[in-house]
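Undergrad: Numbering (the working numbering), first residue to last: 3 to 312.
Beta carbons are placed, not taken as given, at the ideal position from N, Cα and C, and that holds for glycine.
#1: Return the first residue and the last residue of the beta strand (DSSP E) that residue 260 is part of.
#2: According to DSSP, simplified to helix, strand and coil, what is residue 282?
#3: Using DSSP with H/G/I as helix, E/B as strand and the rest coil, what is residue 299?
#4: Provide the residue span of the beta strand (DSSP E) that contains residue 141, from first to last.
#5: Have a look at 265, 224, 180, 230 and flag the residue whose alpha-carbon is nearest the alpha-carbon of residue 211.
#6: Do you know how far the Cα of residue 238 is from the Cα of residue 273?
#7: Ignore the nearest five residues each way along the sequence and tell me which others in residue 278's own chain have a CB closer than 7 Å to its CB.
#8: Cutting at 7 Å between CB atoms, please list the residues of its own chain near residue 109, excluding the five before and the five after it.
#9: Roughly how many angstroms separate the alpha carbons of residue 113 and residue 150, rounded to a whole number?
#10: Using the three-state DSSP reduction, which class does residue 310 fall into: helix, strand or coil?
#11: Distance, Cα to Cα, residue 17 vs residue 119?
#12: Tell me which residue opens and which closes the beta strand (DSSP E) that residue 273 is part of.
#13: In whole angstroms, what is the alpha-carbon distance linking residue 267 and residue 177?
#14: Using the Cβ count rule (16 or more neighbours within 10 Å means buried), how would you classify residue 105?
#15: Consult DSSP for residue 293 and reduce its assignment to one of helix, strand or coil.
#16: Are the CB atoms of residue 172 and residue 199 within a distance shorter than 8 Å?
This is the structure in structure tokens:
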């Protein structure tokens, strides 16, 4: 299979070894190529290998269509039917998303792409459970997907047909990402309006003043304790059954509890505080805990977060 760059008019083979040369173009294929992932990369059946074998044309066309629809062709993503033993690479380094017993390597673990939707099926609701899972597996330095999700490659229901994620989804995603070990912008806030830009500035400043110092402190402790940076609520309340069921809140260390809004049209949410003294970002003190705060108000430009009050 090939990548074909519209800009350079160059076919790129991804596979070669000592007995098989890189594939080359047999003839110009006049039909339009099938879109796969980016505007300048295409999959086309008008290519052949140096060793000719009989191939059913219908089966070949079906394979190409399946590849174009189901798999995205760049070096960080590959479908399981297309994992050759050896690769021909044009660069010295390549991004990968696999590892085995690599928790001892202090590298960022990038989550698989999320879609620009709200739900658990690769949407915003799936972000916190995914981060907590990877964190508990021993990878403390986690890079979630880009703010707003991958608007160009939806594979789930409710996909966005416009140039980017809907405005509210983008804002709520930005707010969650501000508390993660790494924050990635691929869709800029100025694609929306002045209010979204102001919210982005607000959370960038909050990250710099509150979150980043805590992340740096915890990063320094990782090699000594092995404790995760992003933690589930039950980490500080192992005997609390309710804390074990919470998948929409998380802790940074033991002292910062984050409860973002993850549903459309909501400016309130239920927040569960484990036993201890907690002070909200609004200055409220909660010392009669554990407690469930029902319909706790959270404006569009806010995230409900609480710090440990010693």
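TA: In short, the structure shows the following:
#1: 258-261
#2: strand
#3: strand
#4: First-last for residue 141: undefined, no H or E at that position.
#5: 180
#6: 16 Å
#7: 291, 310
#8: 143
#9: 14 Å
#10: strand
#11: Annotation note: pLDDT 42 at residue 17 (below 50); position unreliable, coordinate value reported separately. C-alpha separation (whole angstroms): 35 Å.
#12: 270-275
#13: 15 Å
#14: exposed
#15: strand
#16: no
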